[in-house]
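Chains as they are written, first to last, in our numbering: chain A, 26 to 676; chain B, 620 to 940.
Below, the structure is given as structure tokens:
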């Protein structure tokens, strides 16, 4: 009796493909999985292969059960949970690895390939980047090939399986597209995936201490992309308002929790032409919504303006969102202010940064009025030896004092903080605005990319009769930061003085192209939600699209497509020409230079050819057998292919 | 002496079926030395559900081949020695009156076996001959108004000494047609003959040989043979051959449509024995002499001394399409 756990090497041909399929579908998970799971997978794969190779027996039931339990507990210990994307995919990966150890038959291999398809799919729960698509296509191709290898006859080469697999996938593409377009999108997906909140995302924080933004300025990650309807405003007007910080504790500026203010919008008085644009914001896990200073209307639902004209949504932004905004770059805000607010906006903690306060009072006395004082401070920052650098020295207690009088090197947050403190020292209301400044125009997509490195802090001071005015002290120190923008500065050599490294032009160009593709990807593919689908359906001529109509269309189209593809395949199918084998064989005969006698069979002729050494024996054998199979046997297309290849490769 | 059929492991996949055939060929080859072609032809004849006529001089192993076939294929076997006084009842059987029961009881004759060796069939009278030939044709016999089926598979191997010997009744052409193949055994090669002389007694060897299969498998193999594809190209070849036999000046009567059918059936079986993926022209050529040799009537003026030469001439003059 054969050993129920024994292997006979019969899977040796298809097993490597199955392993490859599993591996390629596991790769996207690897960065997120604990290292022991990847190691366990590789170990099991290697083990299984060696078992097949050496025709050993598979591990016993008890060993397998023990391993499964150990792995389960391992996952539980690592994640302290078994639900969610992380533990779920970890379990899937580890169980696929263990399944290998009981894979003896073709049926088990089927299960493994199903598992790899599931792994491929589950990687989408984590991230849906543009590159995921070609990678998934590749994974599916390998899986299909593995599938075909399992049932391939000896005469079928791996390459043939590969092309067949590719062809099968190609047939599926139109079906996939139709399903993707027409499958009804539901506004709040009931299959919502629990979002992995443990993953840190870079972005502005709710507070600002010296050094906070510096860490961002090194990040090339995209914060948001903007598509303008008309002309893109000049760099100096591209202040992207985020959150507003109003309280200072001597070191850290902080704001308030997002709150709604009914009067905030009314305080804005605008002039000039409005700017219309659409922002695609990457997830921030925060509520702040960014818009060009100063937004006056926005399309995002459940989004409100706070008392300091900051926009916030009621729920954190966990997914990429797109919204339309109208802004005015010429505006004034809040010309009236009560005494209470004046005091509140100029509040400073006692006995912190005393030298700064003293300096401010001196300068205020010298200036005569508030406006001249503001100019004087800006002039001081501009004329004296202040440097703009991304690598400022650390500041200890009384950071503003130390910065203004000792280090004099800093980044936007230092200047904004110091400037605001000076203003507040003399009773001028001042607040710090956090957001982004500038952004890079991507010529490929015509949109503006705002990166984390464009994060910026500036101040707003309230001047009698003028209301809140945006004052950017950084502009006084390093005007090029504002005029050129952080991204472009990197190329102009200016950035080097700040501590940026110059990227290569070509690499940058490629990055821009990639970014443009990503923007389109986000806009068209990932952004294809209920609203977009609805309007697309209307554009297609479906009035009043409902899920029922879409489902019916979907089913109809799928059936239609399947019929169409089958029909095309039937029309395309050319049975090998009646005498194609004979034609190919005649070519072989010509190449040998001999003439078959009347009534001489191909085998007899082959013997004669071999005797005369007119052609290599291997080729003659292959051609004769393929010819016989094609012309007289079950052969069909495979035999014709064999014959074609064999005759073609003869000298 | 119907041998009880042992529980057979009936092979259903093609490789296992080929393995059975290979084993049978090997076993037969150990007894009938140096006659691989004839062995393959005999097996093909059996697989094509045809009957075999072995024609040659006495002592060349005709009987041995028939016995070996029965033994190796695990078939029940009877030998009927044809003599001039053989009566049809000696072949078919008789009804005997039983005193005890007061009824007639049929005593089956030797024809109720799976493999029958009709030895020296041309020594019997035409009456006895036709009794056997009818049984071969109908696969059943009628006695006293009752029709009785013959066993399945049913395979007749008849031997015949060439007709130029004294005291024989050669089978007429129309009767010869009942045999799918006619095979000549011929003298053994020098090498084989040495072994025959010096080696073990073949008869004793025959007793020791183990059957490689049984009737059920044989029926299955016969069915499998019919699934071997015959392509258009091959049909054209067979048509060309048949047409040539009808048009050639060397031949008076060519192959009939039944002869053409026999050619296809035999070529199919031969392709199966040769493990080909379909019926190749080689298979047609291999069986051609055995099929056509006794069906063609050479013209009086023919320059060919034997049917085999004539058949080879036909093969050499028809191009394979």
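From the three backbone atoms N, C-alpha and C, an ideal C-beta is built for every residue, glycine too.
Applying the 10 Å Cβ sphere with the 16-neighbour rule, what's the burial state of residue i?
| i | result |
| --- | --- |
| residue 693(B) | buried |
| residue 389(A) | buried |
| residue 468(A) | exposed |
| residue 285(A) | exposed |
| residue 372(A) | exposed |
| residue 638(A) | exposed |
| residue 51(A) | buried |
| residue 26(A) | Residue placement at residue 26(A) cannot be trusted, given a pLDDT of 38 that sits under 50; what the coordinates show is reported in the next sentence. Exposed, because fewer than 16 other Cβ atoms sit within 10 Å of the Cβ of residue 26(A). |
| residue 282(A) | exposed |
| residue 785(B) | exposed |
Which residues in the same chain have their Cβ closer than 7 Å to the Cβ of residue i, if we skip the five residues on either side of it in sequence?
| i | result |
| --- | --- |
| residue 681(B) | 673, 675, 778, 804 |
| residue 706(B) | 747 |
| residue 344(A) | 308 |
| residue 725(B) | 712, 714, 762 |
| residue 940(B) | 852, 855, 856, 859 |
Give a yes or no on whether 8 Å exceeds the smallest Cβ distance from residue i to chain B.
| i | result |
| --- | --- |
| residue 160(A) | no |
| residue 219(A) | Confidence is the limiting factor: at residue 219(A) the pLDDT is only 48, short of 50, which leaves the residue's position unreliable, though a coordinate-based value still follows. It does not; no Cβ of chain B falls within 8 Å. |
| residue 32(A) | no |
| residue 575(A) | no |
| residue 562(A) | no |
| residue 27(A) | Only weak support is given to the placement of residue 27(A): the predicted model assigns it a pLDDT of 44, under 50, and the question is left unresolved by the model. |
| residue 628(A) | yes |
| residue 617(A) | no |
| residue 623(A) | yes |
| residue 658(A) | yes |
| residue 120(A) | no |
| residue 675(A) | no |
By alpha-carbon positions, which one of the options ends up nearest to residue i?
| i | options | result |
| --- | --- | --- |
| residue 668(B) | 741(B), 767(B), 843(B) | 843(B) |
| residue 332(A) | 165(A), 358(A), 578(A), 61(A) | 358(A) |
| residue 413(A) | 406(A), 404(A), 434(A) | 434(A) |
| residue 289(A) | 455(A), 322(A), 577(A), 585(A) | 322(A) |
| residue 279(A) | 442(A), 502(A), 62(A), 464(A) | 442(A) |
| residue 154(A) | 542(A), 121(A), 338(A), 567(A) | 542(A) |
| residue 742(B) | 884(B), 875(B), 699(B) | 699(B) |
| residue 47(A) | 159(A), 131(A), 118(A), 616(A) | 118(A) |
Could you tell me whether any Cβ in chain A is nearer than 8 Å to the Cβ of residue i?
| i | result |
| --- | --- |
| residue 899(B) | yes |
| residue 908(B) | no |
| residue 893(B) | no |
| residue 706(B) | no |
| residue 870(B) | no |
| residue 934(B) | yes |
| residue 793(B) | no |
| residue 761(B) | no |
| residue 937(B) | yes |
| residue 727(B) | no |
| residue 659(B) | no |
| residue 749(B) | no |
| residue 686(B) | no |
Once the 5 residues before and after residue i are set aside, which same chain residues still bring their CB inside 8 Å of it?
| i | result |
| --- | --- |
| residue 488(A) | 395, 396, 399, 453, 494 |
| residue 649(B) | 824, 828 |
| residue 355(A) | 295, 296, 297 |
Leaving aside the five residues before and after residue i along the sequence, list all residues of the same chain whose C-beta is less than 6 Å from its C-beta, in chain order.
| i | result |
| --- | --- |
| residue 432(A) | 418 |
| residue 220(A) | At residue 220(A), the pLDDT of 45 sits below 50, so the modelled position is not reliable and the matter cannot be decided from this model. |
| residue 869(B) | 918, 921 |
| residue 275(A) | 374, 377 |
| residue 172(A) | 138 |
Within 8 Å of any Cβ in chain D, is that where the Cβ of residue i sits?
| i | result |
| --- | --- |
| residue 610(A) | Among the chains of the structure shown, chain D does not appear; the protein chains present are A and B. |
Fully enclosed by the segment 325-377 of chain A, which beta strand (DSSP E) runs are 3 residues long or longer?
328-330, 336-338, 346-358
List, from N- to C-terminal side, the beta strand (DSSP E) runs of 3 residues or more that fit wholly inside the segment 639-672 of chain B.
none
Within the segment 535-588 of chain A, note down every full alpha helix (DSSP H) run reaching 4 residues or more, in order along the chain.
555-564
Start-end ranges of the alpha helix (DSSP H) lying completely within the segment 612-638 of chain A, minimum 4 residues
For the segment 612-638 of chain A, whole alpha helix (DSSP H) runs of length 4 or above, ordered along the chain, are 627-637.
Enumerate, from N- to C-terminal direction, the unbroken beta strand (DSSP E) stretches of 3 or more residues contained entirely within the segment 741-828 of chain B.
759-762, 765-768, 774-779, 800-802
Threshold first: 4 residues or longer. Then list the alpha helix (DSSP H) segments lying entirely within the segment 137-208 of chain A, N to C.
157-176, 183-207
Could you tell me which whole beta strand (DSSP E) segments of length 3 or greater appear in the segment 243-276 of chain A?
247-253, 264-270
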